[in-house]
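> Sharing a structure with you now.
Protein chains: 2
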Amino acid sequence: MKASKKKKLEAAGWKVGSAADFLELSDAEEMLVNMKVALAKKVKAMRQEKKITQQQLAKLIGSSQSRVAKLETADRSVSMELLIRSLLSMGATRAQIGSIVGTRKTKKVAKAKKKKALVKG
Amino acid sequence: MKASKKKKLEAAGWKVGSAADFLELSDAEEMLVNMKVALAKKVKAMRQEKKITQQQLAKLIGSSQSRVAKLETADRSVSMELLIRSLLSMGATRAQIGSIVGTRKTKKVAKAKKKKALVKG
DNA sequence: CAACTGTATGTCATATCCGACATATGTCAA
DNA sequence: TTGACATATGTCGGATATGACATACAGTTG
Numbered sequence: 000m001k002a003s004k005k006k007k008l009e010a011a012g013w014k015v016g017s018a019a020d021f022l023e024l025s026d027a028e029e030m031l032v033n034m035k036v037a038l039a040k041k042v043k044a045m046r047q048e049k050k051i052t053q054q055q056l057a058k059l060i061g062s063s064q065s066r067v068a069k070l071e072t073a074d075r076s077v078s079m080e081l082l083i084r085s086l087l088s089m090g091a092t093r094a095q096i097g098s099i100v101g102t103r104k105t106k107k108v109a110k111a112k113k114k115k116a117l118v119k120g
Numbered sequence: 000m001k002a003s004k005k006k007k008l009e010a011a012g013w014k015v016g017s018a019a020d021f022l023e024l025s026d027a028e029e030m031l032v033n034m035k036v037a038l039a040k041k042v043k044a045m046r047q048e049k050k051i052t053q054q055q056l057a058k059l060i061g062s063s064q065s066r067v068a069k070l071e072t073a074d075r076s077v078s079m080e081l082l083i084r085s086l087l088s089m090g091a092t093r094a095q096i097g098s099i100v101g102t103r104k105t106k107k108v109a110k111a112k113k114k115k116a117l118v119k120g
């Protein structure tokens with residue numbers, strides 16, 4: 000978080016910690032979730048492009064249809080690892096995956112959510 | 000795997016399956032490992048650039064020195080998730096991480112390892 | 001309507017990953 | 001040498017992710 004913003008928030012009565020504080024963590028957490036959602040969408044897109052069912056993809060990656068469904072909906076029980084493994088198994092290149100990971104989709108709601116996450120001091 | 004290469008291998012007496020075969024999986028696995036190693040190196044590089052100890056980084060990400068050590072050596076017990084989370088906690092951008100994920104480091108040993116992984120038919 | 005296909009959701013036992021701790025190794029200075 | 005500090009390695013109980021299964025839901029076809 001920028002120092003100017005932090006000062007403003009503190010002046011408004013918000014409790015803002017240091018380095019490992021709530022906000023920073025939630026920032027990282029949010030980015031992680033966004034990455035997962037982006038990867039999940041790619042899994043679904045690639046599968047549909049290949050015209051195969053979740054069942055078939057499941058077999059391809061040695062898993063089950065239900066887990067593939069969770070993968071594509073970015074369920075909280077799925078790891079980054081499995082998402083990437085799935086993409087690789089469908090033939091995605093590291094460059095493609097890197098592009099997804101590195102491309103931030105601008106979201107308008109971000110700010111509102113962030114404010115909610117703050118703790119009134 | 001390219002069709003030409005597959006044909007060659009089969010002619011030489013190697014058993015080569017289809018889509019979900021051993022080779023493809025081990026390819027994905029190898030890429031995954033390579034990604035992890037690249038991310039691990041970045042964790043170490045960023046930490047050293049910030050001139051902080053593993054202990055301090057551990058505190059920053061809510062972990063322990065031993066786990067940070069494993070992180071930086073790409074121990075098999077560390078997940079992609081934790082690697083990325085650590086980078087984000089140190090202030091890495093999605094673009095930076097995406098670049099690491101997407102950049103393949105050419106390795107000469109790859110071919111030899113691949114041949115070893117084949118199953119004589 | 002029923003029957004079928006594809007996808008989503010909930011649950012569970014087990015496998016994997018986690019932080020934490022002890023301890024080893026390595027380096028440098030007193 | 002001893003001590004202090006940074007990093008690596010092994011282990012362990014608890015937390016989380018896993019594949020598998022049942023089942024619900026949504027289309028489509030007959």
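Top to bottom, those sequences are chains A and B.
Per numbering that gives the first Met the number 0, the first sequence starts with residue 0, numbered consecutively.
Per numbering that gives the first Met the number 0, the second sequence starts with residue 0, numbered consecutively.
Don't be surprised by glycine CBs; every beta carbon is placed ideally from N, CA and C.
#1: Name, please, each residue of chain B whose Cβ falls closer than 7 Å to the Cβ of A:Arg103.
#2: Among residues of its own chain, excluding the 5 on either side of B:Lys104, which ones have a beta-carbon nearer than 8 Å to its beta-carbon?
#3: What are the residues in the segment 56-74 of chain A lying within 9 Å of chain B by C-beta distance?
#4: Run down chain A in chain order and give the residues with a C-beta less than 7 Å from the C-beta of B:Val100.
#5: Does A:Met45 come out as helix, strand or coil in the three-state DSSP assignment?
#6: Just to confirm, are A:Gly97 and B:Val42 a CB contact at a threshold of 8 Å?
#7: Under 8 Å, CB to CB, which of the residues in the segment 77-88 of chain A have a partner in chain B?
#8: Of the residues B:Glu28, B:Arg46 and B:Gln64, which one's Cα is nearest the Cα of B:Gly90?
#9: Give a yes or no on whether 8 Å exceeds the smallest Cβ distance from B:Met30 to chain A.
#10: Just the chain B side, please: which residues come within less than 8 Å of A:Ala44 by C-beta, in chain order?
#11: At the level of alpha carbons, what is the spacing between B:Lys122 and A:Gln54?
#12: Do A:Ala27 and B:Arg84 come within 8 Å of each other at the CB atom, strictly closer than that value?
#13: If I follow the unbroken alpha helix (DSSP H) through A:Ser76, where does it start and stop?
#14: If we cut at 8 Å on Cβ distances, does B:Ala39 have a partner in chain A?
#15: Among residues of its own chain, excluding the 5 on either side of A:Leu81, which ones have a beta-carbon nearer than 7 Å to its beta-carbon?
#16: Taking a contact to mean a Cβ-Cβ separation below 8 Å, would you say A:Ile60 touches A:Ser78 in this structure?
#17: In this structure, how does DSSP classify A:Met34 when only helix, strand and coil are distinguished?
In brief:
#1: Arg93
#2: Asn33 and Ala37
#3: Lys58, Leu59, Ile60 and Gly61
#4: Arg93, Ile96, Gly97 and Val100
#5: helix
#6: no
#7: Ser78, Met79, Glu80, Ile83, Arg84, Leu87 and Ser88
#8: B:Arg46
#9: yes
#10: Going along chain B, no residue has its Cβ under 8 Å from A:Ala44, so there is no contact; the nearest lies around 17 Å.
#11: The displayed coordinates of chain B run from 0 to 120. Any statement about residue 122 of chain B would go beyond what the structure contains.
#12: yes
#13: That residue, A:Ser76, is in no alpha helix (DSSP H); it is neither H nor E in DSSP.
#14: no
#15: Leu70
#16: no
#17: helix
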